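Just so we're aligned: the sequence shown equals residues 700 to 860 in our numbering. No residue lacks a Cβ here, since even glycine has one placed at the ideal position from N, Cα and C. As the structure is a computational prediction, the values presented were derived from the model and not from experiment.
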Amino acid sequence: MSNLSTPLIVANNLWKAFHSCKDTLPIIRGLDFSLSEGESVTLMGDSGSGKSTFLNLLSGLESLDSGDLLWRGESVKCASLNDLAKMRRSFIGFIFQSFHLIPDLNVYENIYLSARISSSAPRLERRDLKEKIEAHLVQVGLGGRSHQSVKTLSGGEKQRV
(Lines of atoms letter the chains of each structure in order from A and count residues from 1; the text may use other names and numbers.)
(Lines give C-alpha, C1' and ligand atoms only; values in the text may rest on other atoms or scores of the structure.)
Protein backbone atom coordinates (compact mmCIF):
# COMPACT_ATOMS: atom_id res chain seq x y z
CA MET A 1 0.00 0.00 0.00
CA SER A 2 1.42 3.41 -0.89
CA ASN A 3 1.85 6.19 1.66
CA LEU A 4 -0.83 8.26 -0.07
CA SER A 5 -3.46 5.55 0.41
CA THR A 6 -2.42 4.57 3.95
CA PRO A 7 -4.70 6.28 6.45
CA LEU A 8 -2.97 8.49 9.01
CA ILE A 9 -4.90 6.95 11.90
CA VAL A 10 -6.86 3.71 12.07
CA ALA A 11 -8.71 2.50 15.15
CA ASN A 12 -9.88 -1.11 15.07
CA ASN A 13 -12.45 -2.34 17.58
CA LEU A 14 -11.45 0.09 20.37
CA TRP A 15 -12.76 -0.62 23.85
CA LYS A 16 -12.31 1.53 26.94
CA ALA A 17 -14.03 1.41 30.32
CA PHE A 18 -13.48 3.20 33.60
CA HIS A 19 -13.41 1.07 36.71
CA SER A 20 -14.29 1.91 40.30
CA CYS A 21 -14.42 -0.31 43.38
CA LYS A 22 -18.07 -1.14 42.74
CA ASP A 23 -18.64 -0.62 39.06
CA THR A 24 -17.32 -0.71 35.52
CA LEU A 25 -18.48 2.04 33.20
CA PRO A 26 -17.95 1.21 29.51
CA ILE A 27 -17.18 4.39 27.55
CA ILE A 28 -15.98 3.22 24.12
CA ARG A 29 -17.38 -0.07 22.80
CA GLY A 30 -15.99 -1.68 19.65
CA LEU A 31 -15.33 1.59 17.84
CA ASP A 32 -13.78 1.59 14.35
CA PHE A 33 -12.39 4.80 12.87
CA SER A 34 -10.12 5.87 10.03
CA LEU A 35 -8.67 9.26 9.12
CA SER A 36 -6.77 9.90 5.90
CA GLU A 37 -4.59 12.84 4.96
CA GLY A 38 -6.64 15.90 4.00
CA GLU A 39 -9.81 14.70 5.71
CA SER A 40 -11.60 16.76 8.33
CA VAL A 41 -13.77 15.21 11.01
CA THR A 42 -16.16 16.73 13.51
CA LEU A 43 -16.65 14.82 16.73
CA MET A 44 -19.98 15.62 18.37
CA GLY A 45 -21.86 14.18 21.31
CA ASP A 46 -23.43 14.88 24.65
CA SER A 47 -21.32 15.76 27.66
CA GLY A 48 -19.87 12.55 29.08
CA SER A 49 -20.41 10.56 25.88
CA GLY A 50 -16.71 9.72 25.42
CA LYS A 51 -15.46 12.36 22.96
CA SER A 52 -12.42 13.35 25.03
CA THR A 53 -11.73 9.72 25.93
CA PHE A 54 -11.79 8.82 22.24
CA LEU A 55 -9.34 11.61 21.38
CA ASN A 56 -7.10 10.60 24.27
CA LEU A 57 -7.11 7.00 22.99
CA LEU A 58 -6.32 8.10 19.41
CA SER A 59 -3.40 10.20 20.63
CA GLY A 60 -2.01 7.57 22.99
CA LEU A 61 -2.66 9.74 26.05
CA GLU A 62 -4.81 6.91 27.45
CA SER A 63 -4.31 3.18 26.99
CA LEU A 64 -6.79 0.92 25.24
CA ASP A 65 -8.58 -1.86 27.08
CA SER A 66 -8.66 -3.77 23.79
CA GLY A 67 -8.51 -3.18 20.07
CA ASP A 68 -5.68 -1.77 18.00
CA LEU A 69 -4.52 1.68 16.99
CA LEU A 70 -2.35 2.38 13.96
CA TRP A 71 -0.52 5.60 13.16
CA ARG A 72 0.61 5.73 9.53
CA GLY A 73 0.05 1.98 9.26
CA GLU A 74 2.05 1.00 12.36
CA SER A 75 0.47 -0.31 15.55
CA VAL A 76 1.16 1.82 18.61
CA LYS A 77 -0.68 -0.51 20.99
CA CYS A 78 2.52 -1.90 22.53
CA ALA A 79 4.67 1.24 22.24
CA SER A 80 6.43 2.40 25.40
CA LEU A 81 5.41 5.68 27.00
CA ASN A 82 8.67 7.26 25.77
CA ASP A 83 8.12 6.03 22.21
CA LEU A 84 4.52 7.25 22.27
CA ALA A 85 5.63 10.68 23.48
CA LYS A 86 8.25 10.92 20.70
CA MET A 87 5.77 9.84 18.02
CA ARG A 88 3.06 12.12 19.37
CA ARG A 89 5.33 15.19 19.26
CA SER A 90 5.82 14.75 15.53
CA PHE A 91 2.42 13.36 14.57
CA ILE A 92 -0.47 14.52 16.76
CA GLY A 93 -1.49 18.08 17.60
CA PHE A 94 -4.14 19.11 20.10
CA ILE A 95 -5.77 22.35 21.05
CA PHE A 96 -6.93 21.59 24.57
CA GLN A 97 -10.01 23.12 26.18
CA SER A 98 -7.78 24.34 28.98
CA PHE A 99 -4.79 26.18 27.65
CA HIS A 100 -1.95 24.75 29.77
CA LEU A 101 -0.08 28.05 29.61
CA ILE A 102 2.16 29.25 32.42
CA PRO A 103 0.48 32.49 33.54
CA ASP A 104 3.68 34.12 34.83
CA LEU A 105 5.39 33.76 31.44
CA ASN A 106 4.70 35.87 28.36
CA VAL A 107 3.58 34.53 24.97
CA TYR A 108 7.12 34.01 23.68
CA GLU A 109 8.34 32.33 26.88
CA ASN A 110 5.44 29.86 26.88
CA ILE A 111 6.13 28.85 23.28
CA TYR A 112 9.90 28.79 23.80
CA LEU A 113 9.59 26.47 26.79
CA SER A 114 7.33 24.10 24.88
CA ALA A 115 9.64 24.16 21.86
CA ARG A 116 12.72 23.39 23.95
CA ILE A 117 10.99 20.36 25.42
CA SER A 118 9.95 19.08 21.97
CA SER A 119 12.07 16.68 19.96
CA SER A 120 13.40 18.95 17.20
CA ALA A 121 13.76 22.41 18.72
CA PRO A 122 16.70 21.66 21.08
CA ARG A 123 18.89 21.39 17.99
CA LEU A 124 17.97 24.91 16.86
CA GLU A 125 20.08 27.87 17.85
CA ARG A 126 18.30 30.32 20.16
CA ARG A 127 18.21 33.01 17.42
CA ASP A 128 16.77 30.58 14.85
CA LEU A 129 14.13 29.41 17.31
CA LYS A 130 13.18 33.01 18.11
CA GLU A 131 12.71 33.73 14.39
CA LYS A 132 10.63 30.58 13.96
CA ILE A 133 8.43 31.46 16.95
CA GLU A 134 7.90 35.01 15.67
CA ALA A 135 6.97 33.67 12.20
CA HIS A 136 4.44 31.27 13.70
CA LEU A 137 2.92 34.05 15.79
CA VAL A 138 2.41 36.09 12.61
CA GLN A 139 0.77 33.06 10.94
CA VAL A 140 -1.79 32.76 13.75
CA GLY A 141 -2.53 36.49 13.95
CA LEU A 142 -0.43 37.22 17.03
CA GLY A 143 2.49 38.97 15.35
CA GLY A 144 4.14 41.60 17.53
CA ARG A 145 2.57 40.19 20.71
CA SER A 146 5.36 37.89 21.84
CA HIS A 147 6.14 39.92 24.97
CA GLN A 148 2.50 40.22 26.03
CA SER A 149 1.44 38.48 29.23
CA VAL A 150 -0.68 35.41 28.49
CA LYS A 151 -3.01 36.57 31.28
CA THR A 152 -4.21 39.40 29.00
CA LEU A 153 -5.04 37.20 25.99
CA SER A 154 -8.57 36.21 25.01
CA GLY A 155 -9.58 32.54 25.06
CA GLY A 156 -9.10 32.20 21.30
CA GLU A 157 -5.70 33.88 21.45
CA LYS A 158 -4.60 31.53 24.25
CA GLN A 159 -5.58 28.55 22.11
CA ARG A 160 -3.39 29.86 19.28
CA VAL A 161 -0.39 30.15 21.61
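Judged by their CB atoms, V860 and L769 are not nearer to each other than the 8 Å cut-off. Under the three-state reduction of DSSP, T723 is assigned to strand. About 6 Å separates the beta carbon of H846 from that of Y807, a gap short enough to meet the 8 Å contact definition.
Annotation for N711: the continuous beta strand (DSSP E) segment containing it runs I708 to H718. When beta bridges are read from the DSSP output, S765 appears opposite W714. D827: member of the alpha helix (DSSP H) spanning R825 to Q838, first to last residue. It is roughly 16 Å from the alpha-carbon of D782 to the alpha-carbon of N755. About 29 Å separates the beta carbons of G737 and W714, which is beyond the 8 Å limit, so they are not a contact pair.
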